[in-house]
Amino acid sequence: MKEDCMKEDCMKEDGMKKNGIKKVWLMFVSAITLLMITTTPGSAAENFSEGKQYQKLDRPAAAEQQVIEFFSFYCPHCYQFDKIYGVSQAVEKILPPGVKMTRYHVQFLGLFGKELTQAWAVATVLGIEDKISPLIFEAVQKTETIKSPDDIRNIFIKTGVSGTEYDAALNSFVVKSLVSQQVKTAENFKLRGVPAMFVNGNYMIINEGMETELMDDYAKRYADVVSFLINKK
Numbered sequence: 201m202k203e204d205c206m207k208e209d210c211m212k213e214d215g216m217k218k219n220g221i222k223k224v225w226l227m228f229v230s231a232i233t234l235l236m237i238t239t240t241p242g243s244a245a246e247n248f249s250e251g252k253q254y255q256k257l258d259r260p261a262a263a264e265q266q267v268i269e270f271f272s273f274y275c276p277h278c279y280q281f282d283k284i285y286g287v288s289q290a291v292e293k294i295l296p297p298g299v300k301m302t303r304y305h306v307q308f309l310g311l312f313g314k315e316l317t318q319a320w321a322v323a324t325v326l327g328i329e330d331k332i333s334p335l336i337f338e339a340v341q342k343t344e345t346i347k348s349p350d351d352i353r354n355i356f357i358k359t360g361v362s363g364t365e366y367d368a369a370l371n372s373f374v375v376k377s378l379v380s381q382q383v384k385t386a387e388n389f390k391l392r393g394v395p396a397m398f399v400n401g402n403y404m405i406i407n408e409g410m411e412t413e414l415m416d417d418y419a420k421r422y423a424d425v426v427s428f429l430i431n432k433k
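Residues in the sequence shown are numbered from 201 upward in steps of one, following the working numbering.
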């Protein structure tokens, strides 16, 4: 089962046509539903195993405990991951004090992948990620109304950010630095698809490994695996 949006897919075609989006959407919903219904639940942390729920990477652990999630507004799986199942929110709730979860947008998917990565950096700097995220997902995944960089800018204006404020942030050093950081971090992890979540710099969650009978339990199961890895020695 394919549960992520791959970089190679974008190399073949920058834009997403309506029929393509609908087809991928239906395939994903069918696949994830089948997974949730047919697999067996696991509850204890000791049932989590390398190669099933997570993969250990051939790289050193981060200096500090951390969780990094990569996503794209062009990825229908990312929309489901965040807005339908609430995985990101579930993970944030279980993080111990002092452990930060960082969400990075990737620019290798979609016609305006680069511009949306810049926009995410602007939203992060302005502290309005929760306001911007659902609006951009809606514009990309459902209404398909992002036809130019100005359409992205207008989404920020709808949330109360002035055009002048948006432009200033977009061209600021801090936003440009954050954009560079997002791109560099994705390259360092050799990221090929999204959604993807990494724990402590050397563990990657396997999205297909979340065994649960109920779809509502998917986010909790995911968060349990993250919690297990954060404390894994």
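We treat Cβ as the ideally placed atom computed from N, Cα and C, and that holds for glycine. Since the structure is predicted, the reported quantities are computational estimates derived from the model, not experimental observations.
Rounded to whole angstroms, what's the CA-CA distance from residue i to residue j? Just pull it up for me.
i	j	result
Thr324	Arg303	9 Å
Met404	Ser272	17 Å
Glu269	Gln382	11 Å
Cys278	Thr364	30 Å
Val267	Ser249	19 Å
Ala290	Tyr422	8 Å
Asn388	Gln307	14 Å
Lys376	Thr317	10 Å
Pro296	Asp330	21 Å
Ser380	Ala386	10 Å
Phe312	Ser372	20 Å
Ala419	Ser288	8 Å
Gln368	Glu315	First, the residue type needs correcting, since residue 368 is Ala and not Gln in the sequence shown. Approximately 15 Å, taken between the alpha carbons.
Thr345	Lys433	47 Å
Gly298	Asn400	13 Å
Gly393	His305	11 Å
Phe337	Glu292	20 Å
Leu429	Ile406	12 Å
Lys300	Ser427	13 Å
Gly310	Asp417	31 Å
Gln265	Ile328	24 Å
Thr359	Glu413	38 Å
Grouping DSSP H, G and I as helix and E and B as strand, with all else coil, what is residue i?
i	result
Ile284	helix
Lys376	helix
Gln253	coil
Met410	coil
Cys275	coil
Asp351	helix
Val425	helix
Gly313	helix
Leu295	coil
Phe308	coil
Asp258	coil
Ser333	helix
Gly327	coil
Glu387	helix
Ala263	coil
Lys432	coil
Phe356	helix
Please name the residue or residues paired with residue i in a DSSP beta bridge.
i	result
Phe398	Ile268 and Met404
Arg303	Glu269
Less than 9 Å separating the beta-carbons of residue i and residue j?
i	j	result
Met170	Tyr285	Limits of the chain in this structure are 201 at one end and 433 at the other, which puts residue 170 out of reach.
Ala319	Ile352	yes
Lys252	Gly409	yes
Ile332	Ile357	no
Ala261	Asn402	yes
Val361	Leu335	no
Asp258	Pro395	no
Leu391	Val322	no
Tyr274	Val340	yes
So is residue i buried or exposed if we call it buried at 16+ other beta carbons inside 10 Å?
i	result
Asp424	buried
Asp204	buried
Glu374	Residue 374 is actually Val in this sequence, not Glu. Exposed: under 16 other Cβ atoms inside 10 Å.
Lys222	Confidence at Lys222 is low in this model, with a pLDDT of 46, below 50, so the placement of that residue should be treated as unreliable; the coordinate-derived value is given next. It counts as exposed.
Asn431	exposed
Ser348	exposed
Glu411	buried
Are the C-beta of residue i and some C-beta of chain B separated by less than 9 Å?
i	result
Leu311	Chain labels in this structure do not include chain B; a single protein chain is all it has.
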